Ligand SMILES: Cc1ncc(COP(=O)(O)O)c(C=O)c1O
Ligand SMILES: Cc1ncc(COP(=O)(O)O)c(C=O)c1O
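Protein chains in written order, with the numbering used here: chain A, 1 to 354; chain B, 1 to 354.
#1: What are the partner residues of residue 36(B), as DSSP defines its beta bridges?
#2: Terminal residues of the continuous alpha helix (DSSP H) containing residue 137(B)?
#3: When you compare only the Cα positions, how much space is there between residue 270(B) and residue 264(B)?
#4: Whose C-alpha, out of 285(B), 293(B) and 222(B), is nearest the C-alpha of residue 193(B)?
#5: My parser needs the alpha helix (DSSP H) runs of 4 or more residues fully inside the stretch 199-267 of chain A; what are they?
#6: Find the nearest neighbour of residue 242(A) within the set 59(A), 65(A) and 293(A), judged by alpha-carbon distance.
#7: Since residue 205(A) meets chain B, which of its residues come closer than 7 Å, beta carbon to beta carbon?
#8: Between residue 262(B) and ligand 1, is the CB less than 7 Å from at least one heavy atom?
#9: Can you round the beta-carbon distance between residue 76(A) and residue 126(A) to whole angstroms, since I take them to be within the 8 Å contact cut?
#10: Regarding residue 128(B) and ligand 1, is the C-beta to nearest heavy atom distance less than 7 Å?
#11: Given 7 Å as the limit, tell me if residue 302(A) has its C-beta closer than that to any heavy atom belonging to ligand 1.
#12: Short check: CB of residue 351(B) to CB of residue 300(B), under 8 Å?
#13: For chain B, check one thing: does any of its Cβ atoms lie closer than 8 Å to the Cβ of residue 179(A)?
#14: Indicate the three-state DSSP secondary structure (helix, strand or coil) for residue 300(A) in the structure shown.
#15: Suppose the cutoff is 7 Å on Cβ atoms and the five residues either side in sequence are ignored; what does the same chain contact list for residue 158(A) look like?
#16: Using only the alpha-carbon positions, how far apart do residue 239(A) and residue 114(B) sit?
#17: If the criterion is Cβ atoms closer than 8 Å, does the pair residue 98(B) and residue 70(B) meet it?
#18: For a quick check, are the C-beta atoms of residue 167(A) and residue 74(A) less than 8 Å apart?
#19: With a cut-off of 8 Å on the beta carbons, I'd call residue 132(B) and residue 163(B) a contact; round off their distance for me.
#20: Taking Cβ positions, are residue 248(A) and residue 224(A) nearer each other than 8 Å?
#21: Can you tell me which residues form a DSSP beta bridge with residue 313(B)?
#22: For residue 324(A) versus residue 285(A), is the C-beta spacing smaller than 8 Å?
#23: Can you pull the chain B neighbours of residue 183(A), defined as C-beta to C-beta under 7 Å?
#24: Is residue 329(B) near ligand 2, judged by its Cβ being under 7 Å from some heavy atom?
#25: Examine the Cβ distances between the stretch 32-52 of chain B and the stretch 145-156 of chain B and report whether three or more of them are shorter than 8 Å.
#26: Checking 8 Å against the spacing of the C-beta atoms, do residue 178(B) and residue 204(B) come in under that value?
#27: Only counting runs of 3 or more residues, tell me where the beta strand (DSSP E) segments fall wholly within the stretch 36-107 of chain A, in order along the chain.
#28: Which residues of the stretch 196-222 of chain A have a Cβ closer than 8 Å to any Cβ of chain B? Give them in chain order.
#29: Measure the C-alpha to C-alpha separation of residue 354(A) and residue 84(B) and round it to an integer number of angstroms.
#30: Give me the residue from 61(B), 20(B), 19(B) and 29(B) with the minimum Cα distance to residue 11(B).
#31: Is residue 211(A) close to ligand 1? I mean its beta-carbon at under 7 Å from any heavy atom of the ligand.
#32: May I ask you to list the residues that DSSP assigns as paired with residue 161(A)?
#33: Return the residues of the stretch 144-155 of chain A that lie within a Cβ-Cβ distance of less than 8 Å from chain B, sorted by chain order.
#34: Go through its chain and collect everything with a Cβ distance to residue 190(B)'s Cβ below 8 Å, but skip five positions before and after it.
#35: On a Cα-Cα basis, can you pick out the residue from 297(B), 313(B) and 119(B) that is closest to residue 182(B)?
#36: Would the beta-carbon of residue 276(B) be found less than 7 Å away from any heavy atom of ligand 2?
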């Protein structure tokens, strides 16, 4: 076992109200930190009391956003086991992001071991009411205090934990989504396939415009032709057209979602036709007019599944399945949530017990 | 005058060796800080001793890179006056970046006043040897500790100062530049025209590849067709073809450089033909083959002007003006540097005396 120093807090925080957790607002008593220096590599893994990060004002992360992150969840089962959902996939993806952002690769085994120990230390923070979970946020920031535009030579890898509520209070609920026709999230050759802050900073404006129009999320089209569907806010997107479930193929500017991958595997196992391919917004509009557009949903760690009740594209309002949750959407949600929280058998070996 | 509290340090740092300053490695004794809260707006402007920034690990800047910055310089004239070069343009551009990044606008007058007071406090840090100056880095970071992907409700606006050396030790020197054919810095509808960290994070990889090939900088083509010239690293670009100076028009994905604008004004004043228009990499290659490509240079606050001695595009090596500094390039450099450091008359009212 890899040696991780642990310094326990002497000043435990009060736990938040489990009925009012929201998302990413409360944090547990401890955090994990790992340092990188050019001559030492990644070193000094440690669990310490949750505390502020103190950085020189010239630290590169503040200026050039050299940073990557991940998001995954731990669940408490009814019989009080703690399950992590596909954590190796997250650390693998973190290293893919690292490569794009010129950040040195982390040791994925060390990260997983550290995560397990951290969650174990803060185990009593994992909420148990239905739909709640412990959200885990690993992230890396460039810390050297130097304003030259070049890759940093010092980094910190940090993991923090946040008990989160059910994304939608009354179970899943169809959302209304605006298809963005001006702003762009990612382009070929850009950073769209990496989980890096700049993608999210760049998406805020579209999100703000959608909100003003009364929409909950933005659907992003490709950055080159503004024709092909890419993804939604922090979710991948799926459409059911004429009985076949279609999701945009991973083209280099879409984040390879782990929920997306799980959904594809679930659909295959259930013998429902599923295609990963390029799909234009026009094809969606046409399918809608032909009555062939049966369901649409987003997938991501935070909400697991968000059924899409309405898509707005220019002047066209596309109402999907009467703004109700589709059958396949509901089945996928029930199945995945069941596997994640341990109430269904995990045929895929996706979950890891602490 | 706007009231800015000032707390002076009791522990002055040692000044660095003026012959070995480099860029953005040393910082002065003080910094300026201004806070933003939703209910209070921007408030509490203050000059304090240079010190670390302490932030919750969940602060939005670490995760979603909601941040903008600026870069400008102060010069010490031979008769010991302190000149700021077009600082209002920088604060104006900061607010343009703010708009794109959903950051509340700052009061440009307050920022300028704060900058003057800060530079005055650290006046003895302004280096005086030829080519040196005081680099000023204003920046804004999103500070609220919340992991939801949405615009922050708390920000800090900070200014730090760094005495910097001449970008090239022996005066200006032609650089070799690789034209990037795979990675993309910015796309239409993206954040290219804003000075925000994500653009720089995304550029690191191209920069690293160029370096490995022995090139000093990357020339970015447009994100849509990878055909039109955009800009170089942290500089705008100019070509002299058949007696006319051409620079890419501001198209929404190029940073509107203040040095760029100054060069255009200087060229017009000198009655040298100058065009802002779309220019493809093929046009450059053709001009080279026809013997019409006379000079090329980058412009930016850090280096002022970088003559370009070589451009590499796919298998083509374009040697410009025998890898020597062109006449117009040298004239522009001498003129602008002269205005900036007060040795030439400032016909344009670009400089502000402290
Ligand atoms: C941009 C983006 N797309 C898609 C996803 C979904 O990925 P995952 O299913 O791994 O959470 C996320 C993250 O949650 C995201 O940030
Ligand atoms: C991407 C980029 N382009 C161009 C420039 C040049 O702008 P300015 O002349 O205002 O320094 C900069 C900044 O210095 C930059 O970061």
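Glycine included, each C-beta is placed from N, C-alpha and C at the ideal position. A quick note: this is a predicted structure, and the numbers were derived from the prediction, not measured.
Well, looking at it:
#1: Beta-bridge analysis with DSSP links residue 36(B) to 42(B) and 155(B).
#2: For residue 137(B), no alpha helix (DSSP H) encloses it; the enclosing beta strand (DSSP E) starts and ends at 133-142.
#3: If you take the alpha carbons of residue 270(B) and residue 264(B), they lie about 10 Å apart.
#4: When only C-alpha atoms are compared, the closest one is 222(B).
#5: For the alpha helix (DSSP H) assignment, the stretch 199-267 of chain A encloses no uninterrupted run of at least 4 residues.
#6: In this structure, 293(A) is the residue among 59(A), 65(A) and 293(A) with its C-alpha nearest to the C-alpha of residue 242(A).
#7: Residues of chain B passing the Cβ test: 100 and 102.
#8: No, the Cβ of residue 262(B) stays beyond 7 Å of every heavy atom of ligand 1.
#9: About 4 Å separates the CB atoms of residue 76(A) and residue 126(A); that is less than 8 Å, so the two are in contact.
#10: For ligand 1, not one heavy atom lies less than 7 Å from the Cβ of residue 128(B).
#11: Residue 302(A) has its CB nearer than 7 Å to a heavy atom of ligand 1.
#12: Contact: no.
#13: Closer than 8 Å: no.
#14: Note: residue 300(A) maps to strand in three-state DSSP.
#15: Counting only Cβ-Cβ distances below 7 Å, and skipping sequence neighbours, we find 31, 32, 33 and 139.
#16: Straight-line Cα distance between these residues: approximately 53 Å.
#17: Residue 70(B) is positioned such that its CB atom lies no closer than 8 Å to that of residue 98(B).
#18: Cβ atoms of residue 167(A) and residue 74(A): not closer than 8 Å.
#19: The pair is a contact, with the Cβ atoms about 7 Å apart (cut-off 8 Å).
#20: No, the pair does not count as a contact, with Cβ atoms beyond the cut-off.
#21: Paired residues: 316(B).
#22: Contact: no.
#23: The contacting residues are 189.
#24: It does not: the Cβ of residue 329(B) is nowhere closer than 7 Å to a heavy atom of ligand 2.
#25: Yes: the two stretches touch, three or more of their Cβ pairs being nearer than 8 Å.
#26: No.
#27: DSSP runs (the beta strand (DSSP E)) wholly in the stretch 36-107 of chain A: 41-49, 53-55, 67-69, 72-76 and 82-85.
#28: Listed by position along the chain: 196, 197, 198, 199, 200, 201, 202, 203, 204, 205, 207 and 208.
#29: One C-alpha to the other measures close to 59 Å.
#30: Residue 29(B) is the option with its Cα nearest to residue 11(B).
#31: Incorrect: residue 211(A) has no Cβ contact closer than 7 Å to ligand 1.
#32: Per DSSP, the beta bridge partners of residue 161(A) are 136(A).
#33: Under the 8 Å Cβ criterion, the stretch 144-155 of chain A contributes 145, 146, 147, 148, 149, 150 and 151.
#34: Taking C-beta separations shorter than 8 Å and ignoring five residues to either side along the sequence, the partners of residue 190(B) in its chain run 223 and 253, following chain order.
#35: Selected option, being the one with the closest Cα: 313(B).
#36: Flag unset: Cβ of residue 276(B) not near ligand 2.
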